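Chains as they are written, first to last, in the numbering used here: chain A, 1 to 564; chain B, 565 to 813.
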């Protein structure tokens, strides 16, 4: 491909200079960054699955502890440990398979809801449907997780001290450290997901925010390419564009309209090229426009970009007249600090062959991602382009003008296709839809993870409190007040939460640094986000602890002491 | 109806009681009832009587007679009953839950048949529990626990867990835990029920000693031998007091 491009450059040096070519696999061409994004999403789903499995393992451990007597009896009457483990594993796999089946039902419904919710924002190449591969994968995951996470509880439960367990009146209280560790792990994973989702959402909002300085509301856009051979003649192109612009402005309901192409100061592959300024050896860093808009006179009014000094284009700024340009405030202040730029001359590139253009006006800055973008604006007639964007400002409902816009273009040239006719807001949303889907999905995963982790924590504390009913009864009989019981039960849960949050923050630091490239340049270690998600998780977790702790304070000591 | 304060038939033991004016416990028509689908089921009926400071009272009766229920009411663990109940002059029947808990904390210690020690706390930590709920400073608590361990001859066992002790030793810890906060009254629910006779005798001798030092004791027991350690024996049947023997102090 490089050799082919080189050959083209030699044959057509005027147009092919600085251009090259390279081959890209179709898959990565369609799903480049998205591929990585969805790998991260798969990782997030894995985290959620791990939390579910930790919950399941905790449940099985608790159940195993409660069944010690039954298992001891089975062992006493001749069952082997292998038989007991097989029995318990069958139960755990059955549980996970039934859970998996229910999950598939919910997923079938959820996928439809999700697809309907995102509608056109889902890129066309993403197939939001379930097929046999999804079913097979889900079944496999269900069975494997049932086996893996059922094994440890089964092994633990299958080794009771038969003599002690069966001894009359023996009351064995199992305070499983493993269950506590599982809860800490769940909380940590949930925090990592939450911090990741927070970072992603912040990054998404930063990159997808509408540009400040122009007004995108009520603005329609469409694309027209002047590919016909007749448009190689600039006069024909100018005339047609002017004619389309005039017809668009005459459509009832249109406030203003303009057409423009976009030119690159540096050109592809020449990123360090800048404009040239008459009288200056070099322009200051970060002040040279990278793009220039070749626009018809109605451009500023249509996008509502304010003219701050000088004048805008008029019909008089045509081919053959003095070449003129507008420049934005930031670039003007950087290049000519303290001096009016009006009347100064620049070249929109480095090449000597480029013509000088005179600055006739200064417009407001277009601010994207908190940074002023430097642009120049030149009259279409003086620098026509064939790849043209239509911008139409509607008085009321923009899309109601769609057919009239198509008709206006068709009237001028029936062979000109009008494509991608949509509002600028729709276009903006479509551009960022993969990232939106990504960030929203991560938020949903994080929310689900918190819910699961909190439910797991609740289960552990509620189970522990239930096991300690007799102890609580004794303590109340010995003088414990509600606050003492609350501290006793909530203290245990609080330790788990603190450990989970600390572990989660450490994990977030490592994981987010590892996927830094997926954060669109956002700082992965965002202290406000880390602090915010820690507080959010801690509050949810403490609420889960509070419920069983509060219940424990209401233990009737008389009943608790009789229970034995 | 037989009352706590009926005249004694015979002195069961020599009683030593501190000169405190007024009864420690006074009850009038105390009743406890359960509402069941079949109708009202009485657990206690018209219990009236008094217990004086320094007394050692044994409550006897068949299973289901209401002995433990009466003990729970006296210990303020049960608050669902009717009648009047005064404890060191305070009208318990008119008190809030919080006030009852405060009264319990200040004046009452419990000894249970099943010992009810906290499994994962050492002997010393078990003894520390009642003090910790009474806002005693840590340094003072350590001193009191050390003193109690010494008094009960358990210094060498202070770091052991309940499961590492015999039944008699566990109940010794249970009694030590009951007295460590210097209560006016010890309520003991079948304190020797799970012990061998020799261990049971040791515990009863301990009660006798504590009583001789001024602590009022009310025990529920099935053992006639152990009941004789008390100054008086109250007999309950089907929720009624059916008999009382021994002197009113």
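Note that the Cβ used here is the ideal one computed from N, Cα and C, for glycine as well. All figures in this text were calculated on a predicted structure; none of them were measured in a lab.
task: With a floor of 4 residues, list each alpha helix (DSSP H) that falls wholly inside the stretch 171-227 of chain A, ordered by position along the chain.
output: 177-208
- prompt: Can you name the start and end residues of the alpha helix (DSSP H) that residue 770/B belongs to?
  reply: 761-776
field: Within-8 Å CB hit, residue 173/A to chain B
entry: Annotation note: pLDDT 49 at residue 173/A (below 50); position unreliable, coordinate value reported separately. Taking Cβ atoms only, chain B reaches closer than 8 Å to residue 173/A, which makes this a yes.
query: In three-state DSSP terms, what is residue 155/A?
result: helix
task: Measure the CB-CB distance between residue 362/A and residue 327/A and report whether it falls below 8 Å.
output: Cβ atoms of residue 362/A and residue 327/A: closer than 8 Å.
field: Boundaries (first-last residue) of the beta strand (DSSP E) holding residue 540/A
entry: Following the DSSP letters along the chain, one finds residue 540/A in no beta strand (DSSP E) but inside the alpha helix (DSSP H) bounded by residues 527-553.
- request: Measure the alpha-carbon distance for residue 748/B versus residue 589/B and round it to whole angstroms.
  value: Using only the alpha carbons, I get a separation of about 11 Å.
- prompt: Does residue 66/A get closer than 8 Å to chain B when you measure Cβ to Cβ?
  reply: no
- prompt: According to the neighbour-count rule (16 or more other Cβ atoms, all chains shown, within 10 Å of its Cβ), is residue 173/A buried or exposed?
  reply: Since pLDDT at residue 173/A reaches only 49, below the 50 mark, its modelled position is unreliable, and the value read off the structure follows with that caveat. When all chains shown are included, residue 173/A counts as exposed.
message: With the cut-off set at 8 Å, would you say residue 453/A and residue 195/A are in Cβ contact?
response: no
- request: State the Cα-Cα distance for the pair residue 537/A and residue 724/B, rounded to the nearest angstrom.
  value: 39 Å
- prompt: Which residues of chain A have a Cβ atom closer than 7 Å to the Cβ of residue 642/B, listed in chain order?
  reply: 558
message: Taking the beta carbon of residue 694/B as the centre, do at least 16 other beta carbons fall within 10 Å, making it buried, or is it exposed?
response: Around the CB of residue 694/B, 16 or more other CB atoms lie within 10 Å, so the residue is classed as buried.
- prompt: Out of curiosity, what's the CA-to-CA distance linking residue 686/B and residue 97/A?
  reply: One C-alpha to the other measures close to 45 Å.
- request: Could you list which residues in chain A have their beta carbon closer than 8 Å to that of residue 697/B, in chain order?
  value: Ordered by position in chain A, the residues that pass the 8 Å Cβ test against residue 697/B are 475, 478, 479, 480, 481, 484.
query: Any contact of the stretch 524-539 of chain A with the stretch 499-510 of chain A, i.e. 3+ C-beta pairs under 8 Å?
result: yes
field: Interface flag, residue 804/B vs chain A, CB-CB below 8 Å
entry: no
- request: Please say whether residue 358/A and residue 323/A have beta carbons closer to each other than 8 Å?
  value: yes
- request: Could you check what DSSP says for residue 589/B in three-state terms: helix, strand or coil?
  value: strand
task: Quick one: grab the DSSP three-state call for residue 81/A.
output: Three-state DSSP puts residue 81/A in a helix.
- prompt: When DSSP builds the beta bridges, which residues end up paired with residue 494/A?
  reply: Its beta-bridge partners do not exist; DSSP assigns none.
task: Following the continuous alpha helix (DSSP H) through residue 567/A, name the residue where it begins and the one where it ends.
output: Outside the displayed range of chain A (1 to 564) lies residue 567/A, so it cannot be described from this structure.
query: What does residue 843/B touch in chain A if you count any residue whose Cβ is under 7 Å from its own?
result: Given a span of 565 to 813 for chain B in the structure shown, any question on residue 843/B remains unanswerable.
- prompt: Residue ranges of each alpha helix (DSSP H) run of no fewer than 4 residues wholly in the stretch 366-429 of chain A, ordered along the chain?
  reply: 402-412
Counted within 10 angstroms of its Cβ, other Cβ atoms place residue 171/A as buried (16 or more) or exposed: Its pLDDT being 42, under 50, residue 171/A is placed unreliably in this model, and the value from its coordinates should be taken loosely. The residue is exposed, with fewer than 16 neighbouring Cβ atoms inside 10 Å.
task: Would you grab the beta carbon distance between residue 797/B and residue 787/B for me? Rounded to a whole angstrom, and I think it's under 8 Å.
output: Incorrect: roughly 11 Å between the Cβ atoms, too far for contact.
- prompt: If residue 751/B sits next to residue 638/B, beta carbons under 8 Å apart, how far is it from one beta carbon to the other, in whole angstroms?
  reply: Confirmed, Cβ separation roughly 6 Å.
- request: Within its chain, find whatever has a CB closer than 8 Å to the CB of residue 427/A; leave out the 5 residues flanking it on each side and keep chain order.
  value: 221, 420
- prompt: Shorter than 8 Å from the beta carbon of residue 566/A to some beta carbon of chain B?
  reply: Residue 566/A lies beyond the stretch modelled for chain A, which goes from 1 to 564, so this question has no answer here.
message: Contact between the stretch 618-638 of chain B and the stretch 790-805 of chain B is defined here as three or more beta-carbon pairs at a separation below 8 Å; is this criterion met?
response: yes
query: So what does residue 800/B bridge to, in DSSP terms?
result: 805/B
- request: Can you have a look at residue 777/B and say buried or exposed, based on whether 16 or more other CB atoms are within 10 angstroms of its CB?
  value: exposed
message: As an exercise, report each continuous beta strand (DSSP E) stretch of at least 3 residues that is fully enclosed by the stretch 309-351 of chain A, in chain order.
response: 324-328, 345-347
field: Distance between residue 140/A and residue 516/A (C-alpha atoms, nearest Å)
entry: 31 Å
task: Kindly indicate which three-state DSSP category residue 644/B falls into: helix, strand or coil?
output: coil
task: Decide if residue 258/A is buried, meaning its Cβ has at least 16 other Cβ atoms within 10 Å, or exposed.
output: Flag for residue 258/A reads buried.
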